[in-house]
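Trainee:
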Amino acid sequence: MFWRTLSAITISTVLLTTLAFTGTPSKEEPPDLVSIPPVGALEKEPAKQPPPEENKKITTIPILMYHVIEDYSGPYEQLYTEPAVLRRQIAYLKEQGYTAVTVAEALNHWQKGTPLPAKPVIFTFDDGYRSIYTEAFPILKDYNFRATLYLHTAKINTPGGLTTEMIKEMSGYGLEIGSHSLTHPDLTKISPARLKKEIQLSKKELEKITGKKVTTFCYPAGRHNARVREEVRKAGYLGAVTTRYGAATFQENLYNLSRIRINKSDALQGFINKMNRY
Ligand SMILES: [Zn+2]
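Under mature numbering (1 follows the signal peptide of the UniProt record, and there is no 0), the letters of the sequence shown match residues -22 to -1, 1 to 256, in that order.
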């Protein structure tokens, strides 16, 4: 019964959400899938436009985390965002003067001083659901927003996943394609040989599709430890994102970047609250 209910949901979602709802945190790295913003966090002060010389180092950047962009109610609905809601969230950020950049651009800014717009925000979409192309991509284009897509290669060209043509088109438009491993395993629980393969081969496969360097990584279900982070660094990635709640800052370990999870229940007001409290 349980599994039948889930039949339409991919293995990756099941893995992710099983962790989210049962929570089996290791001592070292809790998955933090259900973490919430700090209680009583102060309202953010009105944003000031920094003088150009300060723009050299934007210290904090909200990296938003989404999964499926579809109208849906049922088990694990928190992983879904309605397309109309995503549009309102993006319109809100545009009104507030935000510019969407990619995770790679944030890392280049922090590591090499490459300039960024004054109010950057990053949209990340995990797992490579078909709805990223059919629903999110048209909205992103309407607002001239970019994003980072974290794809695990086993899902590419499957029903419900993205096709290589869709990935090429979105990469050509300027969306960043980052790696989310080959098969979405818990990277802390696999052999060293398989760990290398998941991290290195996924990078190669995605680079073959896009013709561009893949420079950022996203840990499946947010699971990582020192050994995993070191393999990601050695494979040539500039950094990696997790599911720990919060805005990313350059003082963090760049292979352990926080993100702000956006749930279905956030709608527009919850989204605004999260943006005001990071
Ligand atoms: Zn995932």
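Glycine included, C-beta positions come from ideal geometry on N, C-alpha and C.
Rounded to whole angstroms, what's the CA-CA distance from Gly138 to Ile240? Just pull it up for me.
Mentor: Along the sequence shown, read from residue 1 onward, the residue named residue 138 stands at position 160. Along the sequence shown, read from residue 1 onward, the residue named residue 240 stands at position 262. Distance between the alpha carbons of Gly138 and Ile240 is about 21 Å.
Trainee: Count the other CB atoms within 10 Å of the CB of Gln247; is the residue buried (16 or more) or exposed (fewer)?
Mentor: Numbered from 1 along the sequence shown, position 269 holds the residue referred to as residue 247. Exposed: under 16 other Cβ atoms inside 10 Å.
Trainee: What is the rounded straight-line gap between the Cα of Ala96 and the Cα of Ser169?
Mentor: Looking up residue 96 in the sequence shown gives position 118. Looking up residue 169 in the sequence shown gives position 191. Near 43 Å, if we compare the C-alpha coordinates of Ser169 and Ala96.
Trainee: Can you find a C-beta in chain B that's less than 7 Å from the C-beta of Asp120?
Mentor: No chain B appears in this structure, which consists of one protein chain only.
Trainee: Here's a check: name, in chain order, each residue in its chain whose Cβ is nearer than 8 Å to the Cβ of Ala125, leaving out the five neighbours to either side.
Mentor: To locate residue 125, count along the sequence shown from 1; it is residue 147. So the qualifying residues of the chain are Ala78, Thr80, Ile100, Phe101, Thr102, Phe103, Ala114, Leu118, Leu153, Glu154.
Trainee: Whole angstroms is fine: what's the gap from Arg108's alpha carbon to Leu235's?
Mentor: Against the sequence shown, residue 108 aligns to sequence position 130. Against the sequence shown, residue 235 aligns to sequence position 257. Each residue's Cα considered, the two are about 26 Å apart.
Trainee: If I follow the unbroken beta strand (DSSP E) through Ser236, where does it start and stop?
Mentor: Position 258 of the sequence shown holds residue 236. Note, Ser236: beta strand (DSSP E), 235 to 239.
Trainee: When burial is assigned at 16 or more other CB atoms within 10 Å of the CB, is Gly200 buried or exposed?
Mentor: Along the sequence shown, one-based indexing puts residue 200 at 222. Gly200 should be labelled buried.
Trainee: Taking C-beta to C-beta, are Ala225 and Tyr197 nearer than 7 Å?
Mentor: Stepping through the sequence shown from its first residue, residue 225 is reached at position 247. Stepping through the sequence shown from its first residue, residue 197 is reached at position 219. Going by C-beta atoms, Ala225 is not nearer than 7 Å to Tyr197.
Trainee: Can you determine whether any heavy atom of ligand 1 sits closer than 6 Å to the C-beta of Asp104, and answer yes or no?
Mentor: Looking up residue 104 in the sequence shown gives position 126. Yes.
Trainee: At what residues does the alpha helix (DSSP H) containing Leu64 begin and finish?
Mentor: Mapped onto the sequence shown, residue 64 falls at position 86. Residues 61 to 73.
Trainee: Leaving out the 5 sequence neighbours to the left and right, which residues in its chain are closer than 6 Å to Thr141 when beta-carbon positions are compared?
Mentor: One-based indexing of the sequence shown puts residue 141 at position 163. For Thr141, where only same-chain residues beyond five positions count, the Cβ hits under 6 Å are Asn135.
Trainee: Expressed to the nearest angstrom, what Euclidean distance is found between the alpha-carbon atoms of Lys5 and His202?
Mentor: Here residue 5 refers to the residue found at position 27 when the sequence shown is read from its first residue. Here residue 202 refers to the residue found at position 224 when the sequence shown is read from its first residue. Note that Lys5 scores a pLDDT of 36, beneath 50, so its modelled location is shaky; the value from the coordinates is reported in the next line. Looking at the two C-alpha atoms, the distance is approximately 12 Å.
Trainee: In whole angstroms, what is the alpha-carbon distance linking Thr112 and Pro98?
Mentor: For this step, residue 112 is matched to residue 134 along the sequence shown. For this step, residue 98 is matched to residue 120 along the sequence shown. Their backbone Cα atoms lie some 25 Å apart in a straight line.
Trainee: What would DSSP say about Arg124, mapped onto helix, strand or coil?
Mentor: For the purposes of this step, residue 124 is taken as residue 146 along the sequence shown, with counting starting at 1. If DSSP states are grouped into helix, strand and coil, Arg124 belongs with coil.
Trainee: Starting from Thr221, trace the beta strand (DSSP E) both ways and give me its first and last residue.
Mentor: By 1-based counting over the sequence shown, the position of residue 221 is 243. That run of the beta strand (DSSP E) goes 217 to 223.
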